[in-house]
Amino acid sequence: MSTQSDNFVPHIRTALFVDFDNIFIRLQEQDACVANRFATNPEKWLAWAETQKPYDALGRCANGRKILVRKCYLNPQTFQKYRPYFIRSAFEVVDCPPLTNQGKTSADIHIVMDILDSLSHATHFDEFMIFSGDADFTPLLLRLRQYDRRSAVLSVGYTSPAYKAACDYVIEEDAFIETALGVNGFREYTDEPCHIIRICPEKKEIPAEIPLDPNLKTDIAKHITDVTKESNAPIALSKLAQQVGRTFGEKVWLDSGMSFKDFLMGLGISNLKISAVGPGYIYDPSRHDQPRSSDQADAFMSEYPEIAPIARKIHQLTDVPYLPPHHYEVLLRAITEEVNKNGFQLNRTSKMVRDRCNEMGASIARAHVNFVLRAITFIGHRLGENEFEKPEELGEALIKDILKLCKIAQLEPTKEEVWLIHDWIKTKNSSTLSASPR
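Residues in the sequence shown are numbered consecutively from 0, following numbering that gives the first Met the number 0.
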């Protein structure tokens with residue numbers, strides 16, 4: 000009988016199953032360098048998997064993770080050259096050649112059978128780790144839960160909400176790429192050549208004064224004051240930026256290197272205040288209550304009461320970011336500008352776009368940017384391969400992906416709801432946009 004405490008295990012006993020084709024192909028769609036790093040250096044991400052947190056997913060203290068079973072399933076006709084790397088890393092490589100004219104392999108069936116066999120193994124595996132984004136494994140994850148075994152999943156790209164809900168722990172793709180593979184969007188930490196190498200430029204200092212004609216500066220300040228005082232509630236900075244841009248042109252602040260928030264502060268409008276509560280607001284203390292964090296959840300509904308219900312439903316069933324239309328407009332414009340200027344590489348682009356959106360007053364998380372970038376890519380639009388990207392084309396690609404995800408989630412939008420989705424993901428010039436269905 001063991002003398003160890005019931006609340007302590009020396010390590011988490013893990014069995015790892017890698018659907019090589021699924022992970023490699025999805026990584027390659029985003030960046031060939033990242034995919035090659037995954038395929039040729041499994042030792043690196045194995046070491047990360049054995050030491051990464053959280054260990055307390057089992058509800059017990061553990062001294063790390065020990066991967067006792069390592070199985071990799073790959074198509075030998077296409078990916079034979081990567082086989083030696085996994086053999087060298089003590090993987091059992093299971094060849095899964097195509098069985099149909101469409102190239103379908105039996106990897107998923109092999110994985111299911113091997114995991115079910117492992118449930119009765121003499122070694123009581125605490126955790127089953129599956130590297131695959133194939134939602135067909137959802138019933139398998141539910142079966143593992145019935146046996147009181149823990150599961151961790153790595154999925155690249157879009158992941159079905161049902162698939163994520165069925166496992167105990169989702170390995171974040173960004174964390175895997177940046178930490179496990181040793182790659183991030185700004186600097187590559189090894190000597191291996193890779194086109195994602197980029198040194199983050201030094202941040203420009205904000206000018207003490209706005210380099211504008213004094214009369215124009217006065218006109219803009221008066222316009223902002225009037226718009227704010229006429230509003231019944233604090234105004235989101237991103238929405239105000241669009242109004243100012245339509246009236247005076249975006250160049251009035253973009254050419255100065257300022258964010259819109261810094262531009263506002265430089266105008267010296269003493270009777271208005273700027274709130275740091277996301278996504279950022281301007282308000283008149285004599286007329287408006289100070290924005291609170293709890294107001295954010297209702298902001299979408301109050302500004303776009305017709306769009307918000309279908310947007311929330313889609314978000315709940317598909318994980319499409321629940322962002323208001325003017326945030327999507329800012330996001331699509333930022334993606335267009337960044338890709339046209341610097342090309343596309345997922346990690347770098349997502350960080351630069353997130354920073355740009357925040358500068359424009361739109362509080363958009365990197366996870367939101369990544370979702371949109373992947374959605375546009377998975378629908379077949381190859382970012383950076385066109386001569387000139389346009390925000391309306393990216394918006395149309397995103398809408399196609401959203402409708403596809405709705406179909407997968409068994410959500411059938413009505414004709415009116417489809418129009419609302421088009422108004423949600425604004426795809427026309429800002430001067431012609433409407434928050435209501437046509």
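Glycine residues also receive a C-beta, built at the ideal position from the N, C-alpha and C atoms.
The model shown is predicted, which means the values in this text are computed figures rather than measured ones.
Nearest-angstrom Cα separation, counted from I281 out to F299: 17 Å
Take every Cβ of the segment 220-232, pair it with every Cβ of the segment 264-276, and state whether three or more of those distances are shorter than 8 Å. yes
CB contact flag (Y157, R381, <8 Å): no
Beta bridge counterpart(s) of E91 as assigned by DSSP: Among the bridge pairs identified by DSSP, E91 is matched with K70.
Consult DSSP for V329 and reduce its assignment to one of helix, strand or coil. helix
Proximity of V68 and L15 at Cβ, strictly below 8 Å: Taking 8 Å as the Cβ cut-off, V68 and L15 qualify as a contacting pair.
According to DSSP, simplified to helix, strand and coil, what is V182? Reduced to three states, the DSSP call for V182 is strand.
Pull up the CB-CB distance for V155 and E172, whole angstroms please, since I reckon it's below 8 Å. 6 Å
Between N346, R148, A307, which has its C-alpha nearest D421's C-alpha? The residue you asked about is not Asp; residue 421 is His in the sequence shown. Among N346, R148, A307, the Cα nearest to that of H421 belongs to A307.
Residue closest to L236, alpha-carbon to alpha-carbon, out of V329, E177, T335: V329
If you count every other CB in all the chains shown that lies within 10 Å of the CB of Q440, and 16 or more means buried, which is it? Because the chain is modelled from 0 through 437, residue 440 falls outside the range shown and cannot be assessed.
Within a Cβ cutoff of 7 Å, which residues of the same chain sit near S105, ignoring the five residues on either side of it in sequence? C95, L98
Per DSSP, what are the beta-bridge partners of I11 in this structure? R64
Name the two residues that bound the continuous alpha helix (DSSP H) containing R272. Sequence inspection shows Lys at residue 272; the Arg mentioned does not correspond to that position. Counting along the chain, K272 falls outside any alpha helix (DSSP H), though it belongs to the beta strand (DSSP E) covering 272-274.
Mapping the DSSP letters down to three states, classify F387 as helix, strand or coil. Looking at F387 - three-state DSSP - the assignment turns out to be coil, as it is neither helix nor strand.
Given a cut-off of 8 Å, decide if E337 and R365 are closer than it, judged by their beta-carbon atoms. no
At which residues does the alpha helix (DSSP H) containing M351 begin and terminate? 345-358
Just how far apart, CA to CA, sit P41 and E386? 36 Å
Here's the rule I'm using: 16 or more other beta-carbon atoms within 10 Å means buried, otherwise exposed. How should E415 be labelled? With fewer than 16 other Cβ atoms within 10 Å, it is exposed.
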